[in-house]
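Residue numbers (the UniProt record's numbering), protein chains in the order written: chain G, 1 to 440; chain C, 1 to 440.
This is the structure we're talking about:
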């Protein structure tokens, strides 16, 4: 990709697709992420792409608008109401899955899930209508250890470091502090407050104040408190000092602050060079189901690009689908969002155009049956091998190998076998036995 | 799964989901299939789940009815016409992909694709609304070598053998013979004839005759010819003899017969024990786009179960999306259909419930920080390691390891390290160095 910005050009706006050499890199990423998640004992699952509308809806105002419902094409135009829809994240489907599969699972249930999600939003840089999310979550019965809040963050950091995506800034908060702020402001709960303050980076102070007044009935002092609250950022000391200065203290604020400060202190030791992991009370994430820690991460080099990693703790999500309380905590890595950004900034090295390692080629003296028999023999050594059928001229076969980036061409001319290294151009006598030995 | 039939029980009818230990087997299958396809030089791609309705529609009467269109939930009830829909196979999307990416690809373009597809059909045994297909196709410019007709079949046979799915019967025909039959019967082309004869196994002779009369205007002699035609099955000799006996010969019939008989003769040598690869002129597949060889495969032990593998040659599919002619041939392995059948017949060995190899455990003397530091050290040797936080009692930790099938528990008691083999129960002194050496 030679340092030139790659223009992403999709057949349908918002629905990414890649050439084989780019897909090869994406596959390596998926494999590497799976390795990291498995190294911490997380098992892979997949859930259907589809859930009932009832399962998906009412989890946050922005996402509700973006749900893609399914209708059989034959029924379009009929006044049917949609019952099924494509999932927009992997957290809600997993909560439903845990409720359904409860009797078949051992708790704490630690799973990773790497699947496509869909949101009918306006496509723009980093925002797609179809994208792959890589999620890790742990769900337990009755309570889920606070240690997992740290484990999630640690795994995300390890994963992003291994993917070599460049420096990343994590911002962490705790919804309990937001709930405590709501109590302090005389509001019944923190849901609507969190929804509004989640927009603090996008809205002007004027617009934010207007929403706080009209939707929550806050007065000027309350609005000031909210705005100051959102500016509290930094390490454990900065968070504690900031909250003290604001003069907010109640059981929720104190519990949230302690959890957040402990977490920040704990993960500091696993922070790689160049990464930032800060508290930031403005972070609340757009989903209503978070109840504890919330995470968000961005590229340090592209601060205006949307968040590349996010998650949090949810105490009551599974409980919506079954009677028992099964709290969880998880983090989601926005694979497509990260991958396409590095791709368009030419920060990725392209992969292989083909998995073929050896092209069996020859002049007119080589019959198709001979070529096939030899290819099968070489394949049996564990190599990926192909033949270009119906192409008698050797130069065309060599050009094909060159165009596809096939590293070796096994050339048979008048019964003489030679292996040509396409990188160095060196050509030398070869036998299947010698080839097999060279791979062992 | 101990020889007992597993009842598949999904949250939403027609949308499969599996427990982690079953998903583990499905993942191994996907990896194994990828290895087979790569060993023949096929590169992986993925296409979006979504195509335009225009791209997907009008490829076959049955499938058109089953297309799932996407509508934003907010727009349900409005009289909008759907523009986007979920793909029902991977052939049409790949043809569209090749047209779009034409300038970025090297031909012959050999790709494999393992993705979910969706069809809004009535769920029943082997028929799901969401399912994973594993497709191999080769698409070339102007012509695609007939050798690939054999390579597809060979790869499918190798793949199914490696998956150890039991004996399979492949039925192969060639659409050109069907086209020739249409000419012989005085019909303009073979499309509608193929659609009707595709139902020969499902419809009574009476019902079939009725459709041939009303939809194609065939007389009794024509109907008899069709019914005799559909009975022509077997090896190259049986096919040639059968067509001679029917007295049909014209350029299409002869070209199709030669291609089919050559193919059957060629693949005979790679046929594994227990597998059948037969010609069968009744096979035409439900898609209108096939123009040459057509394949279909079924379990020999479950002859009434739907086809588990299918495909064919299409000369004009890519041409619908660009001006140039790019013919192709491919075969699709119905992963979900095969997998769920073996699962429900208890013919699969369950996989791992967790990837964890070592649980770090201890009595009350072990601190969380010590456990984490040790887990990180063991993880650095390449092992998958976890800790069960906040569980002080060792018996609970051992029970957890046992329930999840974790093979080793690293037990620390009063600073003494022992590794317990959960299968044998043997427990012996261990160090990280000794553990690393045992894995090397």
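Positions of the beta carbon are idealized from the N, C-alpha and C atoms, including for glycine.
Roughly how many angstroms lie between the CA atoms of residue i and residue j, to the nearest whole one?
i	j	result
residue 145 (chain G)	residue 136 (chain C)	46 angstroms
residue 252 (chain G)	residue 53 (chain C)	51 angstroms
residue 349 (chain C)	residue 300 (chain G)	47 angstroms
residue 307 (chain G)	residue 19 (chain G)	25 angstroms
residue 405 (chain G)	residue 359 (chain G)	11 angstroms
residue 339 (chain G)	residue 170 (chain C)	41 angstroms
residue 413 (chain C)	residue 393 (chain C)	12 angstroms
residue 341 (chain C)	residue 304 (chain C)	12 angstroms
residue 2 (chain C)	residue 106 (chain G)	Only weak support exists for where residue 2 (chain C) lies, its pLDDT of 41 falling under 50; the value from the coordinates is given anyway. Taking the straight line from one Cα to the other gives about 20 angstroms.
residue 240 (chain G)	residue 261 (chain G)	8 angstroms
residue 375 (chain G)	residue 385 (chain G)	6 angstroms
residue 364 (chain G)	residue 164 (chain C)	39 angstroms
residue 417 (chain C)	residue 40 (chain G)	20 angstroms
residue 443 (chain G)	residue 344 (chain G)	Any property of residue 443 (chain G) remains undetermined from this structure, which presents chain G solely from 1 to 440.
residue 290 (chain G)	residue 173 (chain G)	11 angstroms
residue 192 (chain C)	residue 249 (chain C)	20 angstroms
Would you say residue i lies against chain G (beta-carbon separation less than 9 angstroms)?
i	result
residue 248 (chain C)	no
residue 139 (chain C)	no
residue 439 (chain C)	no
residue 10 (chain C)	yes
residue 101 (chain C)	yes
If you drop the 5 nearest sequence neighbours on each side, which residues of the same chain put their C-beta closer than 6 angstroms to that of residue i?
i	result
residue 318 (chain G)	95, 98, 99, 326
residue 185 (chain C)	222
residue 205 (chain G)	none
residue 282 (chain C)	200, 230
residue 154 (chain C)	270
Indicate whether at least one CB of chain C lies closer than 9 angstroms to the CB of residue i.
i	result
residue 118 (chain G)	yes
residue 275 (chain G)	no
residue 105 (chain G)	yes
residue 294 (chain G)	no
residue 225 (chain G)	no
residue 256 (chain G)	no
residue 64 (chain G)	yes
residue 53 (chain G)	yes
residue 46 (chain G)	yes
residue 441 (chain G)	It is not possible to answer for residue 441 (chain G), since the shown part of chain G is limited to 1 through 440.
residue 168 (chain G)	no
residue 147 (chain G)	yes
residue 1 (chain G)	Residue placement at residue 1 (chain G) is flagged as unreliable, the pLDDT there being 40, under the threshold of 50; the coordinate-derived value follows with that caveat. Answer no: the Cβ-Cβ gap between residue 1 (chain G) and chain C never drops below 9 angstroms.
residue 172 (chain G)	no
residue 67 (chain G)	yes
Taking C-alpha atoms, which residue in the options lies nearest to residue i?
i	options	result
residue 313 (chain G)	G:267, G:302, G:224, G:259	G:259
residue 13 (chain C)	C:86, C:347, C:125	C:125
residue 415 (chain C)	C:174, C:396, C:366	C:366
residue 387 (chain C)	C:362, C:176, C:205, C:202	C:362
residue 32 (chain G)	G:427, G:134, G:321, G:139	G:134
residue 62 (chain G)	G:40, G:195, G:341	G:195
residue 448 (chain C)	C:43, C:356, C:272, C:316	Residue numbering for chain C in the displayed model covers 1 to 440; residue 448 (chain C) lies beyond these limits and cannot be assessed.
residue 182 (chain C)	C:204, C:212, C:399	C:212
residue 323 (chain G)	G:42, G:142, G:8, G:57	G:142
residue 84 (chain G)	C:11, C:210, C:420	C:11
Given a cut-off of 9 angstroms on the beta-carbon distance, is the pair residue i and residue j in contact?
i	j	result
residue 295 (chain C)	residue 156 (chain C)	yes
residue 152 (chain G)	residue 279 (chain G)	no
residue 310 (chain G)	residue 334 (chain G)	yes
residue 59 (chain G)	residue 92 (chain G)	yes
residue 200 (chain C)	residue 275 (chain C)	no
residue 68 (chain C)	residue 347 (chain G)	no
residue 176 (chain C)	residue 292 (chain C)	yes
residue 400 (chain C)	residue 357 (chain C)	no
residue 49 (chain C)	residue 115 (chain C)	yes
residue 24 (chain C)	residue 351 (chain C)	yes
I'd like the list of long-range same chain contacts for residue i, defined as Cβ closer than 7 angstroms, with 5 residues on each side in sequence excluded.
i	result
residue 336 (chain C)	16, 128, 131, 132
residue 436 (chain C)	381
residue 285 (chain G)	198, 294, 296, 310, 312
Checking contacts by CB at 9 angstroms: is residue i closer than that to chain B?
i	result
residue 327 (chain G)	Here chain B cannot be found, since the structure's protein chains are G and C.
When every heavy atom of the ligand ATP is checked, does at least one fall within less than 8 angstroms of the C-beta of residue i?
i	result
residue 385 (chain C)	As presented, the structure is devoid of all ligands, the ligand ATP included, so that no description of it is given.
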